[in-house]
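In what follows, a structure is listed as structure tokens, so that the remarks can point back to it.
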Amino acid sequence: MTLNKVVASAADAVADIPSGASIAVGGFGLAGIPWFLIEALLDQGADELEIASNNCGVDGAGLGLLLEQRRIRKVIASYIGENKEFGRQFLAGEVTVELTPQGTLAERLRSGGSGIGAFFTPTGVGTLVAEGGLPWRYNSDGSVALASPPKEVRVFGGQEMVLEESIVTDYALVRAAVADKAGNCRFHAAARNFNPPAAMSGRITVVEAERVVEVGELAPDDIHLPGIFIQRIVELTPEQATRKSIEQRTTRTRESGDAQS
Numbered sequence: 001m002t003l004n005k006v007v008a009s010a011a012d013a014v015a016d017i018p019s020g021a022s023i024a025v026g027g028f029g030l031a032g033i034p035w036f037l038i039e040a041l042l043d044q045g046a047d048e049l050e051i052a053s054n055n056c057g058v059d060g061a062g063l064g065l066l067l068e069q070r071r072i073r074k075v076i077a078s079y080i081g082e083n084k085e086f087g088r089q090f091l092a093g094e095v096t097v098e099l100t101p102q103g104t105l106a107e108r109l110r111s112g113g114s115g116i117g118a119f120f121t122p123t124g125v126g127t128l129v130a131e132g133g134l135p136w137r138y139n140s141d142g143s144v145a146l147a148s149p150p151k152e153v154r155v156f157g158g159q160e161m162v163l164e165e166s167i168v169t170d171y172a173l174v175r176a177a178v179a180d181k182a183g184n185c186r187f188h189a190a191a192r193n194f195n196p197p198a199a200m201s202g203r204i205t206v207v208e209a210e211r212v213v214e215v216g217e218l219a220p221d222d223i224h225l226p227g228i229f230i231q232r233i234v235e236l237t238p239e240q241a242t243r244k245s246i247e248q249r250t251t252r253t254r255e256s257g258d259a260q261s
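Counting in full-length UniProt numbering, the sequence shown runs from 1 upward without gaps.
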């Protein structure tokens, strides 16, 4: 029998996520984020969540919605980004933030999904990332309540490298351009950023797909993520699939000599 992992709705897909769960979330800023799974989780009510994602969305969108409702207790991310509320909560001591170099975060997620417990990397050697003392949580008066611990550093091939632990989460929420009913996924352009490693790290991974096809319709070389990493699929409507906001739009005044489009 052919596998069919499609569930009825985003609400059904996230219904069993409990308070206190750890969740890897795909996307970069607003590119490739699982818009509807995040909003379904917001409606579902789980709180005290630990999020592993490149950043935490923006004010009023994406993971920023969960932040605004005080539903997140800890974030493992690469940067604060465009989210002013994220920065405010971090500096006010309202959320714990484990800042991690971007490539290291991607590899921590990928390695977790590959069954690798930890790995050595040169990234961060000679900095607070390796030496410890990076603020993870502040007190309300601005003093450091919790700082990162020092990490093991060893020499390989004459180069110092720091030990980084892999990340395995309870759940993962991602977005794909196309998925077949067995969960094999293809991502489009910039959406193929943190979605594959985030999907790999989750024990239970849910994908919202812009289009769902039958098994066999995706050519093997077109599959960016095998279905073994996916447990649930939410098929978006054509209208939902067009939702692709951006963080900033920068334009310039067209000069008279510019070519007309």
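Quick reminder that beta carbons are idealized off the backbone N, C-alpha and C, glycines included.
(message) Excluding the 5 residues flanking Val-14 on each side, which residues of the same chain have their C-beta closer than 7 Å to its C-beta?
(response) Leaving aside the five residues that flank Val-14 on each side, the residues in its chain whose CB is nearer than 7 Å to its CB run, in chain order, Leu-37, Ala-40, Leu-41, Gln-44, Val-206.
(request) Using DSSP bridges, identify the partner residues of Ser-22. (result) Looking at the DSSP output, Ser-22 sits in a beta bridge with Glu-50.
(message) What ranges does the alpha helix (DSSP H) occupy inside the region 174-213, keeping only unbroken runs of at least 4 residues that lie completely in it?
(response) If we require 4 residues or more, the alpha helix (DSSP H) runs fully inside the region 174-213 come out as 195-201.
(request) Helix, strand or coil for Lys-84, going by three-state DSSP, please let me know. (result) Three-state DSSP puts Lys-84 in a helix.
(request) Could you work out which residue in Leu-128, Cys-56, Phe-187 is closest to Lys-74 when comparing CA atoms only? (result) Answer by Cα proximity: Cys-56.
(request) Just confirm the distance between the C-beta atoms of Ala-118 and Gly-124, as a whole number of angstroms; I'd bet it's less than 8 Å. (result) Here Ala-118 is actually not in contact with Gly-124; their C-beta atoms are around 14 Å apart, not less than 8 Å.
(message) Is it buried or exposed, Gly-62, if we count other Cβ atoms within 10 angstroms and call 16 or more buried?
(response) For Gly-62, the number of other beta carbons within 10 angstroms of its own is at least 16, and it is reported as buried.
(message) Run through the DSSP bridge pairs and tell me what Glu-69 is partnered with.
(response) Per the sequence shown, the amino acid found at residue 69 is Gln instead of Glu. Paired residues: none, contrary to the question.
(message) At the level of alpha carbons, what is the spacing between Gly-133 and Ser-148?
(response) Between the C-alpha atoms of Gly-133 and Ser-148 there is a straight-line separation of about 5 Å.
(request) Output the boundary residues of the beta strand (DSSP E) element that contains Ala-118. (result) Ala-118 -> beta strand (DSSP E) spans 118-121.
(message) On the DSSP letters alone, give me the boundaries of the alpha helix (DSSP H) that Leu-163 sits inside.
(response) Boundaries for Leu-163: no alpha helix (DSSP H) harbours it, while the beta strand (DSSP E) harbouring it runs 159-165, taken from the DSSP string.
(message) Nearest by alpha-carbon distance to Asn-54: which of Pro-226, Leu-105, Glu-68, Leu-66 is it?
(response) Answer by Cα proximity: Leu-105.
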